[in-house]
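Step one of this worksheet: look at the structure below.
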Amino acid sequence: MSQIAIYGNFLDFTGLPALGDPADAAVRWRPDHWLLARDGRVVAVQADEPGDDWQKQRHPGRLILPGFVDTHVHSAQIDVLGAWGTALLDWLETHTFPAESRMADAAHAAMISNLFLDGLLASGTTTAMVFPTVHKVSVDALFTAAQARGMRLITGKVLMDRHAPDYLRDDVTGARADCEALIAQWHGRGRLAYAVTPRFAPTSTDAQLAMAGELMARHEGLYMQTHVAENTDEVAWVAQLFPQARSYLDVYRHFGLLGPRAMLAHGIWLDDADRQLLADSGAALSHCPSSNLFLGSGLFDWPAAQAAGTAVSMGCDVGGGTSLSMLRTLADGYKVQAMAGRRITAWALLHAATLGGANALGLAHEIGSFNAGTLADLVIWDLAADPVQQRRQAVARDLHDAIFAWLTLGDERHVVATVVAGELRYQRPATPFTA
Ligand code: GUN
Ligand code: ZN
1 MSQIAIYGNF
11 LDFTGLPALG
21 DPADAAVRWR
31 PDHWLLARDG
41 RVVAVQADEP
51 GDDWQKQRHP
61 GRLILPGFVD
71 THVHSAQIDV
81 LGAWGTALLD
91 WLETHTFPAE
101 SRMADAAHAA
111 MISNLFLDGL
121 LASGTTTAMV
131 FPTVHKVSVD
141 ALFTAAQARG
151 MRLITGKVLM
161 DRHAPDYLRD
171 DVTGARADCE
181 ALIAQWHGRG
191 RLAYAVTPRF
201 APTSTDAQLA
211 MAGELMARHE
221 GLYMQTHVAE
231 NTDEVAWVAQ
241 LFPQARSYLD
251 VYRHFGLLGP
261 RAMLAHGIWL
271 DDADRQLLAD
281 SGAALSHCPS
291 SNLFLGSGLF
301 DWPAAQAAGT
311 AVSMGCDVGG
321 GTSLSMLRTL
331 ADGYKVQAMA
341 GRRITAWALL
351 HAATLGGANA
361 LGLAHEIGSF
371 NAGTLADLVI
381 WDLAADPVQQ
391 RRQAVARDLH
401 DAIFAWLTLG
411 DERHVVATVV
421 AGELRYQRPA
431 TPFTA
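Just so you know, we're using UniProt numbering here: the sequence shown kicks off at 1 and counts up by one.
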């Protein structure tokens, strides 16, 4: 039996915060507390120091959060981070498809998967829903790497049988066989789960989308992930390709792909009927502000989604997004809403990246908070990484001011350590400032 006790300032959520009012937060702040974890699961968060039968780690003054939940990111796209000059459809052709082709090679896929997951852990992300590539080996490599790290990971073979280069296209028969084999091997194994993964409506034929829907119906507990309504040219293209559909989102409904555990990235160009359809079906959105800014895709209407009752989670969407850091992603999330004339709180942002993400994935009983019984996936953060940031923290007016300034100025340098199911999986190397 392992018993660990971690001391610090704990912050998590008990409900959905209001978007614009820091006072209406459902936030739980427990400074100078001990988190007790037995065999990888949270037993309690308490003010009293536990006895000597607990292995203790003290982090006075440090912020401790549940591990971030990133609901949309592409493993192979670490190779196209910060690629210049294009909007979505051109970016896919110019930068992304060539990089993804390299994942056909098992050794390359293993190398990228390890680098990618270590990058997530070093950024404070302990759960991720990931697009690898069309290649079966890219999925095996990612699941293998996640299993070695004890991470909760949801992924699946990307489906694309049209409107992609020859070297990246599959076909319905081969794709179905690959999916069935991967589901049999990985789905429900430890903390891993399979997601049926049509890239987006334009790159799958009707027959392939129907096959994806059949997989969802046949296997219990599968996830579904795809992209929707990210870019206006993309939306116009979908309208041409699927003239019978009421909207882009309606294509996925038609093929039986919406429901609980369905995750749709972006959702910028949706209407109210779409948002209602998402809420009614139990599907969730992954808001990807870094990507939306970098590719110039548009400004997500977060209040409209929240008003419709649609679950909103967060994705870094590397390589459309420019960093694996969820903290940087959240800072961009604030700026996207600011561009639309709105101000959202640190609580709304942090909730979306923790409990909100867990809820969106149907995993709040396992992750996203410090509730007793959840897995001890947590991240220990410094609030400042240099003297200027220390000064800013020293003059913070209140907790929201301190946390919002940290969120806005912070990045992966602020991660002291990342713990997954009670095991230390990342520890920051000492630097002149942190030593
Ligand atoms: N739509 C279809 N494929 C992609 C992708 O790889 N990245 C983003 N941002 N949007 C997409
Ligand atoms: Zn994406």
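No residue lacks a Cβ here, since even glycine has one placed at the ideal position from N, Cα and C.
| Asked | Found |
| --- | --- |
| Specify whether the segment 332 to 340 and the segment 66 to 81 touch according to this definition: at least 3 beta carbon pairs, one from each stretch, less than 8 Å apart. | no |
| For the pair the segment 201 to 210 and the segment 159 to 168, tell me if three or more CB-CB distances fall below 8 Å. | yes |
| Pick helix, strand or coil for methionine 224, following the three-state DSSP scheme. | strand |
| If you reduce the DSSP assignment to three classes, tell me which class glutamate 163 lands in. | Per the sequence shown, residue 163 should be read as histidine rather than glutamate. Coil at histidine 163, not helix or strand. |
| With contact counted as at least three CB pairs below 8 Å, one residue from each stretch, are the segment 269 to 279 and the segment 316 to 325 in contact? | no |
| Per DSSP, what kind of secondary structure is glycine 190 in: helix, strand or coil? | coil |
| Kindly indicate which three-state DSSP category serine 2 falls into: helix, strand or coil? | coil |
| State the Cα-Cα distance for the pair threonine 173 and arginine 41, rounded to the nearest angstrom. | 42 Å |
| Do proline 31 and threonine 354 count as a contact pair if the criterion is CB distance below 9 Å? | no |
| CB leucine 159 to CB valine 134, shorter than 9 Å? | yes |
| Give the straight-line distance between the Cα atoms of isoleucine 112 and glycine 356, rounded to the nearest whole angstrom. | 28 Å |
| Between the Cα of histidine 400 and the Cα atoms of Thr14, Gln3, Gly20 and Tyr7, which residue gives the shortest distance? | Gly20 |
| DSSP three-state label for isoleucine 367, please. | coil |
| In or out: glutamate 220 buried (at least 16 other Cβ within 10 Å) or exposed? | exposed |
| Have a look at Val395, Thr14, Pro387 and Asp382 and flag the residue whose alpha-carbon is nearest the alpha-carbon of glycine 61. | Asp382 |
| Could you tell me whether the Cβ atoms of isoleucine 367 and alanine 358 are closer together than 9 Å? | yes |
| Bridge partners for alanine 284 per DSSP, in chain order? | Met263 and Ala311 |
| In whole angstroms, what separates the C-alpha of arginine 218 from that of proline 387? | 56 Å |
| Histidine 254: beta carbon under 8 Å from a heavy atom of the ligand SAH? | No copy of the ligand SAH occurs in the structure displayed; its ligands are the ligand GUN and the ligand ZN alone. |
| Return yes when the Cβ of glutamate 234 is within less than 9 Å of the Cβ of glycine 267, no when it is not. | no |
| Should alanine 352 and phenylalanine 404 be called a contact, given that it needs their Cβ atoms to be closer than 9 Å? | no |
| Please list the segments of the beta strand (DSSP E) lying wholly inside the segment 372 to 408, counting only runs of 3 or more residues, in order along the chain. | 378 to 381 |
| Can glycine 320 be considered in contact with the ligand GUN, in the sense that its beta carbon sits closer than 8 Å to one or more heavy atoms? | yes |
| On the three-state DSSP scale, how would you describe tryptophan 34? | strand |
| Considering only their Cβ atoms, is the gap separating arginine 199 from threonine 232 smaller than 9 Å? | no |
| Residue range of the beta strand (DSSP E) that phenylalanine 68 falls in? | 68 to 74 |
| Under the criterion of a Cβ to heavy atom distance below 8 Å, does glycine 298 qualify as lining the ligand ZN? | no |
| Regarding glutamine 77 and the ligand GUN, is the C-beta to nearest heavy atom distance less than 8 Å? | yes |
| Use the C-beta contact count for histidine 414: other C-beta atoms within 10 angstroms, 16 or more gives buried, fewer gives exposed. | buried |
| State yes or no: is the C-beta of glycine 296 within less than 9 Å of the C-beta of alanine 87? | yes |
| Using a threshold of 9 Å, state whether the C-beta atoms of serine 2 and leucine 327 are closer than that. | no |
| If we ignore side chains and look at the alpha-carbon of each, how far apart do glycine 15 and leucine 350 end up? | 12 Å |
| What did DSSP end up calling alanine 435 once you bin it into helix, strand or coil? | Unreliable placement is indicated for alanine 435, whose pLDDT of 47 sits below 50; no coordinate value is reported for it. |
| Can you tell me whether aspartate 272 is buried or exposed? The criterion is at least 16 other CB atoms within 10 Å of its CB, across all chains shown. | exposed |
| Is isoleucine 344 helix, strand or coil by DSSP? | coil |
| DSSP state of aspartate 21, grouped into three classes? | coil |
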